[in-house]
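Visitor: Count along the sequence shown from 1, then add 5; that gives the number in the numbering used here.
Following this message is one structure expressed as structure tokens.
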Amino acid sequence: NSVCVIDSALDMMEQDPVGAASFVPLLRRASQRIGHLVCTLLDVNRLESGAMPLRVQDVPWASVCEPVLAETGLLARAKPVVLNRTGENHTVVRCDPALVERVLLNLLDNAIGVAPDRSIVDVHAERTAEGGMLVRVGNRGRTIAPEVLPTLFRKYRQGGGAPVKRLGGWGLGLTFCRLAVERHGGTIRAISPYVDGEGAAFEFVLPAEPK
Ligand SMILES: Nc1ncnc2c1ncn2[C@@H]1O[C@H](COP(=O)(O)OP(=O)(O)OP(=O)(O)O)[C@@H](O)[C@H]1O
Ligand SMILES: [Mg+2]
6 NSVCVIDSAL DMMEQDPVGA ASFVPLLRRA SQRIGHLVCT LLDVNRLESG AMPLRVQDVP
66 WASVCEPVLA ETGLLARAKP VVLNRTGENH TVVRCDPALV ERVLLNLLDN AIGVAPDRSI
126 VDVHAERTAE GGMLVRVGNR GRTIAPEVLP TLFRKYRQGG GAPVKRLGGW GLGLTFCRLA
186 VERHGGTIRA ISPYVDGEGA AFEFVLPAEP K
């Protein structure tokens, strides 16, 4: 895990102080991963214990979506996969934007991780008939077994098959997504296959008026 990576890198830096600078990217990635884990653990815990405040605002969907697409764009280019945004981007959504941004970030992180090279990852948003907002992140590639679909949102579930990331995750991202969406009074589900018999999509609906 990342703490061991930092430990070994520090040992090597001690043995070879001249080459120490070459360990900086490794150390930075490891510390980012630890930071991400700590945030997710705290948020899951706060959401579960009902101690997460909801800072509701009326914001255009684009202002939630764009920072996340900019952040994951680097990941997508490195892979490479193409991020394809469709739907009603200027529709105003009533939500806690910081929380919803992180839901989208987790879904895109998973989708980009599992998407085949040079495939398209879709991010679609539309108003529901009830005045809420439906958001769907879909990728091509491997499907998720039907029996696993309902369990993915439980803590530490990793769904079987190869992990979505090369370094592996903790199986907490989708738990955070479910709790954050439910905190708004919304719902989230997994759909697989997504298109042409392949891939998976994760779709969440935020109500017009968060609870
Ligand atoms: N788009 C997807 N396609 C196929 N499987 C997926 C997809 N998204 C998630 N999964 C499966 O669901 C599991 C749980 O996802 P989740 O995001 O909760 O955890 P993780 O990505 O493994 O770790 P992390 O806590 O870092 O997010 C993944 O390990 C993977 O098996
Ligand atoms: Mg994840």
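Glycine included, every Cβ here is placed at the ideal spot set by N, Cα and C.
Note that the structure is predicted; figures quoted are calculated from it, not measured.
For Leu157 and Thr133, what's the separation of their Cα atoms in angstroms?
Guide: On the sequence shown, residue 157 is found 152 positions in, with the first residue counted as 1. On the sequence shown, residue 133 is found 128 positions in, with the first residue counted as 1. The straight-line gap from Cα to Cα measures roughly 25 Å.
Visitor: Taking the DSSP output, what are the residues bridged to Gly202?
Guide: Residue 202 sits at position 197 when you count from the first residue of the sequence shown. Answer is none; Gly202 lacks a bridge partner.
Visitor: Taking only three categories from DSSP, how would you classify Arg194?
Guide: For the purposes of this step, residue 194 is taken as residue 189 along the sequence shown, with counting starting at 1. Correct three-state label for Arg194: strand.
Visitor: Any idea if Ala83 is buried or exposed, counting beta-carbon neighbours within 10 angstroms, 16 or more meaning buried?
Guide: By one-based count along the sequence shown, residue 83 stands at place 78. With fewer than 16 Cβ atoms within 10 Å of its Cβ, Ala83 is classed as exposed.
Visitor: DSSP state of Ile149, grouped into three classes?
Guide: Along the sequence shown, one-based indexing puts residue 149 at 144. Note: Ile149 maps to coil in three-state DSSP.
Visitor: Would you kindly report the start and end of the unbroken beta strand (DSSP E) that includes Arg99?
Guide: Translated into positions along the sequence shown, residue 99 becomes position 94. Taken as a continuous stretch (DSSP letters only), the beta strand (DSSP E) holding Arg99 covers Val97 to Cys100.
Visitor: With Ser129 as the anchor, note down where its beta strand (DSSP E) starts and where it stops.
Guide: The sequence position of residue 129 within the sequence shown is 124, counting from 1. Sequence check: residue 129 is His here, not Ser. Unbroken beta strand (DSSP E) run through His129: Ile125 to Arg132.
Visitor: Which residues does DSSP list as the beta-bridge partners of Glu187?
Guide: Along the sequence shown, read from residue 1 onward, the residue named residue 187 stands at position 182. Per DSSP, none; premise fails for Glu187.
Visitor: Going along the chain, which residues of its own chain have a beta-carbon closer than 8 Å to the beta-carbon of Met138, five neighbours each way excluded?
Guide: For this step, residue 138 is matched to residue 133 along the sequence shown. The answer, listed in chain order, is Trp66, Thr96, Val98, Cys100, Ala130, Glu131, Arg132, Val210 and Leu211.
Visitor: Counting along the chain, where does the beta strand (DSSP E) carrying Leu47 start and finish?
Guide: Position 42 of the sequence shown holds residue 47. Here Leu47 belongs to no beta strand (DSSP E); instead the alpha helix (DSSP H) covers Val29 to Glu53.
Visitor: Any Cβ of chain C within less than 7 Å of the Cβ of Gly78?
Guide: Among the chains of the structure shown, chain C does not appear; only one protein chain is present.
Visitor: Candidates Leu104, Thr180, Val140 and Cys44: which alpha carbon is nearest Pro155's?
Guide: In the sequence shown, residue 155 corresponds to position 150, counting from 1. That would be Thr180, whose Cα lies nearest to the Cα of Pro155.
Visitor: Using DSSP bridges, identify the partner residues of Phe207.
Guide: Within the sequence shown, numbered from 1, the residue matching residue 207 stands at position 202. BP columns for Phe207 point to Val142 and Ala195.
Visitor: So Arg90 is in the alpha helix (DSSP H); what residue range does that whole segment cover?
Guide: Start at 1 with the first residue of the sequence shown, and residue 90 comes out as number 85. Note, Arg90: premise wrong, no alpha helix (DSSP H); beta strand (DSSP E) at Val87 to Gly92.
Visitor: Tell me the rounded alpha-carbon separation between Arg188 and Gly178.
Guide: The sequence position of residue 188 within the sequence shown is 183, counting from 1. The sequence position of residue 178 within the sequence shown is 173, counting from 1. Cα-Cα distance, rounded: 15 Å.
Visitor: Can you find a heavy atom of ligand 2 that lies under 6 Å from the Cβ of Gly174?
Guide: For the purposes of this step, residue 174 is taken as residue 169 along the sequence shown, with counting starting at 1. Correct: Gly174 has its Cβ closer than 6 Å to ligand 2.
Visitor: Nearest CA to the CA of Lys216: which residue from Pro58, Val43 and Ser13?
Guide: Locating residue 216 in the sequence shown gives position 211, where the first residue counts as 1. The shortest C-alpha separation from Lys216 is found at Pro58.
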